[in-house]
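In the numbering used here, the protein residues as written are 369 to 754.
We put the beta carbon where it would ideally sit given N, CA and C, even for glycine.
This is the structure in structure tokens:
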């Protein structure tokens, strides 16, 4: 006999989750598509996906004896305004869709005061305790995007929404600006009907707007061309043609969400800890270039930006500076030709090749004379030939 979930859903709502649905613990229907996506090379350097390939086939790899999966959505990025706004009045759109030559952009999800993992884990712990208090022998485990679970697939199966052409889970009321989380349990909970219909229609706005053409076809993302992947997961040098497409995105990207019609009118509600901080929504990249490792750690240790570490964020900042032709940053760029990180030295040369301000050529030539890393040497040579 299954267990009613109405009280569980009410509790989830009190904790701030705006969507809650339950589906059965089973092999996800799109598993073979997931395998084909990896085999096509679209996962790039995210080897952890391939390494755990078998685990994705069965949620029991996360919780042995799992029978039910509670899928949850928590909105992010906007303060509690108590209402809805059109795109033209939407603070997310105003901030993120207007490039500025002296600042860089951060994806909305990463502009909160705290890392979303910490915030959501705290809520899952409360929901887990609530469920265990009513079912003392139950096995329960909460997860937030670090376990081998195809969250969007199970979100669709739990009725939270449909997977759109930009591969994000979409909901007609909440759009796509929400985090997904899951609570797995061995309890036989009442199941919700799956979402069986998508509502993208003939719209291709997300596919057309992508600055790096990361969608080879609808519903398929080539992560190796995605700005979010390149600025967060990709740990090496970024090819020049892709670096040019980053524009002023320092960390992540929101383009395919910002142009989505389903995000035109969504409730502007988010946890205070996940609401966008103005200082992260628009950042002066020169301040990032000047940070030491300790300063970077102190500022970003509890935010999503920490994932890329200083080497990745400084690399990204340099590419943004080059793309935006931030001539005023040249004096901060030149010293990084001598940084201890090859990744940063190469990006510095790339940016200087774009800026070409006073003394840039001489600075690169002097650095090249003593440079030992072959990849950096190549980057410096390309900059000098530009």
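Item to check | Where residue 699 falls, given that 16 or more other Cβ within 10 Å makes a residue buried | outcome: On the chain shown, residue 699 is found 331 positions in, with the first residue counted as 1. Sixteen is the threshold: since fewer than 16 other Cβ atoms of the shown chains lie within 10 Å of the Cβ of residue 699, the residue is exposed.
Item to check | Proximity below 8 Å, CB of residue 391 to CB of residue 525 | outcome: To locate residue 391, count along the chain shown from 1; it is residue 23. To locate residue 525, count along the chain shown from 1; it is residue 157. Yes, they are a contact pair.
Checklist entry - Using a threshold of 7 Å, is the CB atom of residue 382 nearer than that to any non-hydrogen atom of the ligand ZN? => result Here there are no bound small molecules, and the ligand ZN is not part of this structure.
Next on the checklist: Buried or exposed, going by whether 16 or more other CB atoms sit within 10 Å of the CB of residue 514?
Outcome noted: By 1-based counting over the chain shown, the position of residue 514 is 146. Classification of residue 514: exposed, given that the 10 Å Cβ count is below 16.
Checklist entry - Which residues in the same chain as residue 600 place their Cβ atom closer than 7 Å to its Cβ, once the five residues preceding and following it in sequence are excluded? => result To locate residue 600, count along the chain shown from 1; it is residue 232. Sequence-distant partners of residue 600 (beyond 5 residues in either direction) whose C-beta falls short of 7 Å from its own C-beta, in its chain, are 619, 620, 675 and 676.
Checklist entry - For residue 388, which beta-bridge partners are listed by DSSP? => result As a position in the chain shown, residue 388 is number 20, starting the count at 1. Bridge partners of residue 388: 440.
Next on the checklist: Alpha carbons only, please: which of 724, 588, 425 and 408 is nearest the one belonging to residue 396?
Outcome noted: Looking up residue 396 in the chain shown gives position 28. Among 724, 588, 425 and 408, the Cα nearest to that of residue 396 belongs to 425.
Checklist entry - When you compare each of 529, 689 and 597 to residue 561 by their alpha carbons, which one comes out closest? => result Walking along the chain shown from the start, residue 561 turns up at place 193. Ranking 529, 689 and 597 by Cα distance to residue 561 puts 529 first.
Item to check | residue 533 versus residue 587 - alpha carbon distance | outcome: Residue numbering aside, residue 533 sits at position 165 when the chain shown is read from its first letter. Residue numbering aside, residue 587 sits at position 219 when the chain shown is read from its first letter. Rounded to whole angstroms, residue 533 to residue 587 spans 4 Å at the Cα level.
Checklist entry - What do you reckon, are the CB atoms on residue 715 and residue 683 nearer than 8 Å? => result Sequence index remark: in the chain shown, residue 715 carries index 347 (1-based). Sequence index remark: in the chain shown, residue 683 carries index 315 (1-based). Yes, these two residues count as a Cβ contact at 8 Å.
Next on the checklist: Between residue 345 and residue 678, how many whole angstroms is the CB-CB distance? I'm expecting something under 8 Å.
Outcome noted: There is no way to answer for residue 345, as the model of the chain reaches only from 369 to 754.
Checklist entry - Can you name, in chain order, every residue of its own chain whose Cβ lies under 7 Å from the Cβ of residue 555, other than the five neighbours on each side? => result Reading the chain shown from its first residue, position 187 is the one you call residue 555. 371, 435, 436, 503 and 506, listed in sequence order.
Checklist entry - With distances taken between CB atoms, is the gap from residue 671 to residue 483 smaller than 8 Å? => result Working through the chain shown from its first residue, we reach residue 671 at position 303. Working through the chain shown from its first residue, we reach residue 483 at position 115. Yes, the pair counts as a contact, with Cβ atoms nearer than the cut-off.
Checklist entry - By how many angstroms is the C-alpha of residue 721 removed from the C-alpha of residue 415? => result On the chain shown, residue 415 is found 47 positions in, with the first residue counted as 1. On the chain shown, residue 721 is found 353 positions in, with the first residue counted as 1. One C-alpha to the other measures close to 33 Å.
Item to check | Simplified DSSP assignment, three categories, for residue 675 | outcome: Position 307 of the chain shown, counted from the first residue, corresponds to residue 675. DSSP places residue 675 in helix when its eight states are reduced to three.
Checklist entry - Residue ranges of each alpha helix (DSSP H) run of no fewer than 4 residues wholly in the region 609 to 635, ordered along the chain? => result Runs of the alpha helix (DSSP H) inside the region 609 to 635: 623 to 626.
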